[in-house]
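Participant:
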Amino acid sequence: MSRTALRICPLCEATCGLELTIAESRVTHARGDALDVFSAGFICPKGASFGQLDADPDRLRKPLVRRDGRLEEATWEEAFAAVAAGMGAVTQAHGGTAVGVFLGNPNVHTVAGGLYPGQLIGALGTRSVFTASTLDQMPKHVSSGLLFGDPNAIPVPDLDRTDHLLLIGANPLVSNGSLATAADFPGKLKALRRRGGRLVVVDPHRTRTAAAADRHVAPRPGTDAALLFALVHVLFAEGLAAPGPALTSHLSGMAEVRALAADFSPETVASYCDVPADEIRVLARELAAAERAVVYGRLGSTAVEFGTLASWLVDVLNALTGNLDRPGGAMFPLSATARAPRPAAPGKGFRTGRWHSRVSGRPEVKSELPAAVLAEEIDTPGEGRLRALVVVAGNPVLSAPDGDRLDRALAGLDFMVSVDPYLNETSRHAHVVLPPPPPAQSAHYDFAFSTLAVRNTVRYSPPAVPPAEGVLDEPEIMARLILGVLGQGGPDADPALVDAQAIRHRLDRETADPHSPVHGRDAAELEAALTGATGYERRLDLMLRLGPYGEGFGADPDGLTLDALLRRPHGIDLGALRSRIPGVLRTPSGTVELAPAAVAGDVPRLREAVARGGEGSGLVLIGRRHLRSNNSWMHNVPSLTGGSNRCTVQIHPEDAARLGLTDGAQARIKGDGGEITAPVEITDALRPGVASLPHGWGHDREGTRLTAAAREPGVNVNQLLDGSRIDPLSGTAVLNGFPVQVEAAG
Ligand SMILES: Nc1nc2c(c(=O)[nH]1)N[C@H]1C(S)=C(S)[C@@H](COP(=O)(O)OP(=O)(O)OC[C@H]3O[C@@H](n4cnc5c(=O)[nH]c(N)nc54)[C@H](O)[C@@H]3O)O[C@H]1N2
Ligand SMILES: Nc1nc2c(c(=O)[nH]1)N[C@H]1C(S)=C(S)[C@@H](COP(=O)(O)OP(=O)(O)OC[C@H]3O[C@@H](n4cnc5c(=O)[nH]c(N)nc54)[C@H](O)[C@@H]3O)O[C@H]1N2
Ligand code: SF4
Ligand SMILES: [Mo]
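Each residue of the sequence shown is one higher than the one before, counting from 1 in the UniProt record's numbering.
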């Protein structure tokens, strides 16, 4: 007998609702849930492989504990005892600050990742926190922090209503969208063009998305900040900078932006960007002329040399053309678990550099240090060296610069614990591996992506399959880990304490807040009203009730609760995005601060780069993604790899001819951090002067359990980096547009 269950897909930011067919606790089929209020049936090849991924025989089903140097299966009791002993030894000798934390990408795709990392970091009292954000979108947080006073207030393209989408360094037909949660991105781009709108793509690669565009501009990688500055320049020069009356009253810094853009005329930047000045003018004029337009930038605009400047300019352009916070433009989502809107009030503003990394003095950003300096924080001797590491859902040996150095550094740690379902390139160094259950056995709520979605909806999936014998769900693993770090991890430790503490903390704050619907109420009585079968469900219930659509513990009887959501398994539609300025602003001035001093301070660096020009700079490398991959951890599912999903170095025919490279032959690629060898794939989709390699490959290290991935291991592109190339304002590694040398191997 088979049955079906609904489950939001955790495999990318599109968050599609899936309908799983389940026979004897096994997912035998996955299809798009046609009734899902957000995704309406959309699914991609990864979602369709949900069952294979869920049942991957290499997935760890029991914890692993290192004994005499070898990782062996153990009981949960033994594993948490080993954590208590190992962590205890380090923290007693050196304090919790000697423990680092690395949080990888799936933390934004799990309930546990949305709820527990903050408590873990708090329990350790460490400032050595590293995440995938500094390999990804941190520049956007910095730009939002400076512009709007809130680093998490990221405006997203209102895809359903725009007439003109200018896409910078994003490939949503492959990635399915990022910092713009939109199921069926392909369908939304088609609909845009059907209603007479235009798609313009700026990308050095003629990607699937670029090939589908009305206009494709292929600049030299890394030069987008200059290109976008030139668009701003044109808007001012031609009298097209017109935010409109509604927005203008909430803007400051227009004159300063104009002055900053003065040096970046189309003629000045044309040769650096390798885009003709006339074409730059057309880009600006088209953007200004469209009734509703939006500029949207993604990884090719963030993980680059001038990532923060480019991210900032994206929203400067949205503001100057009157498209910020307006339907069809760039809008701020309002998630169901956000704090309920408070009256507009000036905030403290956003600061970075409250502390610095020990070895190379990199500033803290959003309480994080750059992932690119993790290795040196471990392997550089001296006071304050990291001696232990907790990795949750991360594989930095493959995802961060100089994996070989990090690999050696991890091997030298006194203690390491990984919360991860796989024994991979990173977790193989752990002393204890704590595996979460596969996704079908886990509940799902999108805490992160609901704040980035192009339409406000709310959806929750309880576990589709009951947890198998001997399984601990990831919230419980995290709660026990937190108790262990606090020295309360004995065999009778009650993980519910961790949830109760979080609930009490929030209720104490809310009952003391005059703007809260529960101001002055009794926290214990409110706590008793919460429903939910588990600690994390009660936390979700609390957040929903106190959120912008919540029932507020009686304030709005029709409002949202967990129970109400459970009665609507396909989700609840909360409507199209609505304007949120000034309520969303938390800058000291209470305005959108268009010309923040920190950003202005980085402009001279860009001016110098433009002055140096781009000619004769040799080959630069950029990344690429494949529809059937996801970073480093989906190469172990045979139905997803092979065919075009391979680790090849792509190169333009002219470069191949000049370098004597032939299709299919091996090339040696050298960068700051080392050299790798990969098969050549010649393609004119890339502009000349650019080579491309995907990331997340290099599955040939010993001591992993990735049977399928090891058969076609590929190579680790991040070995070409040494960790020194960083966007200074955000600490983000430059993963796109760095110099390499390529030659025929052998
Ligand atoms: N050169 C280059 N490097 C890049 C990029 C690039 O474009 N080019 N992209 C960067 C980007 S955008 C990102 S986000 C990073 C990603 O960097 P990471 O987050 O370090 O890497 P992932 O491959 O996503 O690793 C995810 C880990 O989580 C585990 N995992 C999967 N599901 C779960 C779960 O439910 N719970 C737990 N606890 N663990 C789980 C997987 O087994 C894997 O070990 O890589 C970055 N690195
Ligand atoms: N199938 C699949 N989907 C994924 C992932 C995956 O690995 N596979 N990863 C997920 C993650 S973690 C993320 S962060 C998102 C990323 O989502 P996207 O950013 O949409 O995906 P990318 O393919 O990295 O697209 C970046 C584009 O920038 C271009 N580019 C590189 N350098 C430059 C430059 O200097 N300027 C400009 N203008 N463009 C440049 C590249 O050619 C590439 O097409 O995708 C997510 N979705
Ligand atoms: S697009 Fe993303 S969320 Fe949707 S099915 Fe594919 S992997 Fe899952
Ligand atoms: Mo990412």
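Where a beta carbon is used, it is the ideal one built from N, C-alpha and C, also for glycine.
How far does the alpha helix (DSSP H) with GLN501 in it reach, from first residue to last?
Facilitator: Its alpha helix (DSSP H) spans residues 496-511.
Participant: For the alpha helix (DSSP H) containing HIS233, list its first residue and its last residue.
Facilitator: Residues 224-237.
Participant: Here's a check: name, in chain order, each residue in its chain whose Cβ is nearer than 7 Å to the Cβ of ASP700, leaving out the five neighbours to either side.
Facilitator: These residues qualify, in order along the chain: ALA710 and PRO713.
Participant: Which of the three DSSP states, helix, strand or coil, is assigned to HIS109?
Facilitator: Looking at HIS109 - three-state DSSP - the assignment turns out to be helix.
Participant: Nearest by alpha-carbon distance to VAL390: which of ILE477, ASP278, THR707 and GLY575 is it?
Facilitator: Per the Cα distances, ILE477.
Participant: Which stretch, first to last residue, makes up the alpha helix (DSSP H) that contains PRO569?
Facilitator: First-last for PRO569: undefined, no H or E at that position.
Participant: Apart from the five residues just before and just after residue 778, which ones in its own chain have a Cβ nearer than 6 Å to its Cβ?
Facilitator: Outside the shown range of the chain (1 to 746) lies residue 778, about which nothing can therefore be said.
Participant: With burial defined as no fewer than 16 other Cβ atoms inside 10 Å of the residue's Cβ, what is the status of GLU305: buried or exposed?
Facilitator: Looking at its Cβ environment, which holds 16 or more other Cβ atoms inside 10 Å, GLU305 is buried.
Participant: Is it the case that the CB of GLY47 approaches a heavy atom of ligand 3 more closely than 6 Å?
Facilitator: Yes, ligand 3 has a heavy atom inside 6 Å of this Cβ.
Participant: Beta-carbon separation of VAL432 and ALA81 under 7 Å?
Facilitator: It is not a contact, given that the beta carbons lie outside the stated cut-off.
Participant: Would you mind listing the beta strand (DSSP E) stretches within the segment 666-709 that are 3+ residues and don't spill past its ends, in chain order?
Facilitator: Within the segment 666-709, the complete beta strand (DSSP E) runs of at least 3 residues are 666-671, 674-682 and 690-694.
Participant: Kindly examine ligand 2 and report whether one of its heavy atoms sits closer than 6 Å to the Cβ of THR97.
Facilitator: False, no ligand heavy atom lies under 6 Å from that Cβ.
Participant: With distance defined between alpha-carbon atoms, name the residue in ARG285, ALA336, ALA123 and PRO604 nearest to PHE447.
Facilitator: For PHE447, the nearest C-alpha among the options comes from ALA336.
Participant: Closer than 6 Å between the C-beta and any heavy atom of ligand 1: which residues qualify, listed along the chain?
Facilitator: The set, ordered by position in the chain, is GLY104, ASN105, PRO106, THR110, ALA132, LEU135, ASP136, LEU299, VAL392, ALA393, GLY394, ASN395, PRO396, SER399, VAL419, ASP420, PRO421, TYR422, ASN424, PRO436, GLU474, GLY623, ASN631, SER632, TRP633, HIS695, GLY696, VAL717, ASN718 and LEU735.
Participant: May I have the straight-line CA-CA distance separating ASP522 from LEU560, to the nearest angstrom?
Facilitator: If I take the Cα positions, the gap works out to 20 Å.
Participant: In its own chain, which residues sit with a C-beta less than 7 Å from the C-beta of ARG580, not counting the 5 before and 5 after it?
Facilitator: Only ASP325, PHE332 and LEU334 meet the Cβ criterion.
Participant: Between PHE1 and ALA388, how many whole angstroms is the CB-CB distance? I'm expecting something under 8 Å.
Facilitator: The amino acid occupying residue 1 in the given sequence is Met; Phe does not appear at that position. 48 Å between Cβ atoms; not a contact.
Participant: Please classify ILE154: does DSSP put it in a helix, a strand, or coil?
Facilitator: ILE154: coil per DSSP, three-state reduction.
Participant: From what residue to what residue does the alpha helix (DSSP H) around ARG538 run?
Facilitator: Segment 535-546, the alpha helix (DSSP H) holding ARG538.
Participant: Please state whether DSSP places TYR460 in a helix, a strand or coil.
Facilitator: Of the three classes helix, strand and coil, the one that applies to TYR460 here is coil, per DSSP.
Participant: Taking all protein chains shown into account, do 16 or more other C-beta atoms lie within 10 angstroms of the C-beta of GLN501, making it buried, or fewer, making it exposed?
Facilitator: Under this definition GLN501 is an exposed residue.
Participant: Please say whether THR683 and GLN650 have beta carbons closer to each other than 7 Å?
Facilitator: Result yes, Cβ atoms of GLN650 and THR683 sit closer than 7 Å.
Participant: Assign LYS46 to buried or exposed, taking buried as 16 or more other Cβ atoms, counted over all protein chains shown, within 10 Å of its Cβ.
Facilitator: Looking at its Cβ environment, which holds 16 or more other Cβ atoms inside 10 Å, LYS46 is buried.
Participant: Do the segment 22-34 and the segment 116-134 touch if we need at least three Cβ pairs shorter than 8 Å?
Facilitator: Contact fails: fewer than three Cβ-Cβ distances are below 8 Å.
Participant: Any idea which residues DSSP pairs MET416 with across the strands?
Facilitator: DSSP output for MET416 lists LEU389 as bridge partner(s).
Participant: At which residue ranges does the segment 581-631 contain complete alpha helix (DSSP H) runs of 4 or more residues, listed in the order of the chain?
Facilitator: Fully enclosed alpha helix (DSSP H) runs of 4 or longer: 597-612.
Participant: Report yes if the CB atom of residue 747 is closer than 7 Å to the CB atom of PRO343, and no otherwise.
Facilitator: For residue 747 there is no data in the structure shown, the boundaries of the chain being 1 and 746.
Participant: I think PRO435 touches LEU115, with their Cβ atoms under 8 Å apart; what is that distance to the nearest whole Å?
Facilitator: With a Cβ gap of about 19 Å, PRO435 and LEU115 do not count as contacting.
Participant: Can you grab the Cα-Cα spacing for the pair ASP36 / PRO463, in whole Å?
Facilitator: Roughly 17 Å between the two C-alpha positions.
Participant: Alpha carbons only, please: which of LEU706, THR21 and LEU659 is nearest the one belonging to PRO57?
Facilitator: Residue LEU706 is the option with its Cα nearest to PRO57.
Participant: Under 6 Å: does the beta carbon of ASN171 sit that close to some heavy atom of ligand 3?
Facilitator: Checking the Cβ of ASN171 against ligand 3 gives no.
Participant: Determine which residues share a DSSP beta bridge with SER2 and list them.
Facilitator: Its beta-bridge partners are ALA23.
Participant: Rounded to whole angstroms, what is the Cα-Cα separation between residue 770 and ALA225?
Facilitator: One cannot answer for residue 770 here, as it falls past the ends of the chain, which runs 1 to 746.
Participant: Quick check on the burial criterion: 16 or more other C-beta atoms within 10 angstroms. Buried or exposed for LYS188?
Facilitator: Buried, since its Cβ has 16 or more Cβ neighbours within 10 Å.
Participant: Between the C-alpha atoms of ASP672 and GLY723, what's the straight-line distance to the nearest angstrom?
Facilitator: The straight-line gap from Cα to Cα measures roughly 9 Å.
Participant: Could you give the distance in angstroms between the alpha-carbon of PRO653 and the alpha-carbon of PRO204?
Facilitator: Computed Cα separation, rounded: 15 Å.
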